[in-house]
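Enquirer:
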Amino acid sequence: MNISDVSKKINVTANTLRYYEQEHLIPPIKRDANGYRDYTEYDLNWIYFVKCMRNAEMSVGAIAKYTQLFLTDRHGTFEQRKEILIAEREKLEHKLTKIENSLEFINHKIDTYNGKFQIAEDKIDPYIQKN
1 MNISDVSKKI NVTANTLRYY EQEHLIPPIK RDANGYRDYT EYDLNWIYFV KCMRNAEMSV
61 GAIAKYTQLF LTDRHGTFEQ RKEILIAERE KLEHKLTKIE NSLEFINHKI DTYNGKFQIA
121 EDKIDPYIQK N
């Protein structure tokens with residue numbers, strides 16, 4: 001599969017795919033007889049993994065380390081790769097808690113505007129006091 005097909009299938013730009021390879025976020029892509037990248041299903045799985053990790057705001061360095069560990073010793077680095085993922089999960093859980101708290105506060109403020117709560121402008125919002 002060529003870079004254009006992969007770009008459309010996974011919804012990332014060709015430049016992003018080249019960047020992933022350049023930064024060693026994915027294993028090197030094999031080339032066809034004309035020197036063009038020839039992506040396999042294996043490569044697509046790696047690209048999808050990197051896309052998901054980037055969407056989760058995992059750093060390029062952490063992804064590169066994960067990939068390097070996998071390529072160096074797939075079975076011997078299992079625990080190290082798992083620890084990278086656990087650390088990223090903890091960061092995401094913390095962000096999720098902050099987002100949930102913000103969403104709850106925004107919903108409270110909308111309820112206030114909808115007349116469900118009356119708050120004097122010069123008083124501290126009771127929602128803030130309880131949190």
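As numbered in this note's numbering, residues 1 to 131 make up the sequence shown, in order. From the three backbone atoms N, C-alpha and C, an ideal C-beta is built for every residue, glycine too. Note that the structure is a prediction, hence the values are computed from the model and not measured.
(1) Would Thr97 be called buried (16 or more neighbouring beta carbons within 10 Å of its own) or exposed?
(2) Provide the residue span of the alpha helix (DSSP H) that contains Thr16, from first to last.
(3) Kindly indicate which residue of Ala14, Glu104, His108, Met58 has the alpha-carbon position closest to the one of Glu90.
(4) Touch check for the segment 62-73 and the segment 33-40: three-plus C-beta pairs under 8 angstroms?
(5) Enumerated in chain order, which unbroken segments of the alpha helix (DSSP H) with a length of 4 residues or greater are wholly contained in the segment 49-80?
(6) Output yes or no for whether 8 angstroms exceeds the beta carbon distance between Glu21 and Ile10.
(7) Counting C-beta neighbours from all protein chains within 10 Å, is the total for Leu92 16 or more, i.e. buried, or is it exposed?
(8) Is the beta carbon of Asp43 less than 8 angstroms from the beta carbon of Ile26?
(9) Need the endpoints of the alpha helix (DSSP H) that Ile29 sits in, please.
Expert: Quick look at the numbers:
(1) A residue is called buried once 16 or more other Cβ atoms fall within 10 Å of its Cβ, and Thr97, having fewer, is exposed.
(2) Here the alpha helix (DSSP H) through Thr16 covers 14-22.
(3) Comparing alpha-carbon positions, the option among Ala14, Glu104, His108, Met58 lying closest to Glu90 turns out to be Met58.
(4) no
(5) 60-72
(6) No, they are not a contact pair.
(7) exposed
(8) It is a contact, given that the beta carbons lie within the stated cut-off.
(9) Looking at the DSSP string, Ile29 is not in any alpha helix (DSSP H), and its letter there is neither H nor E.
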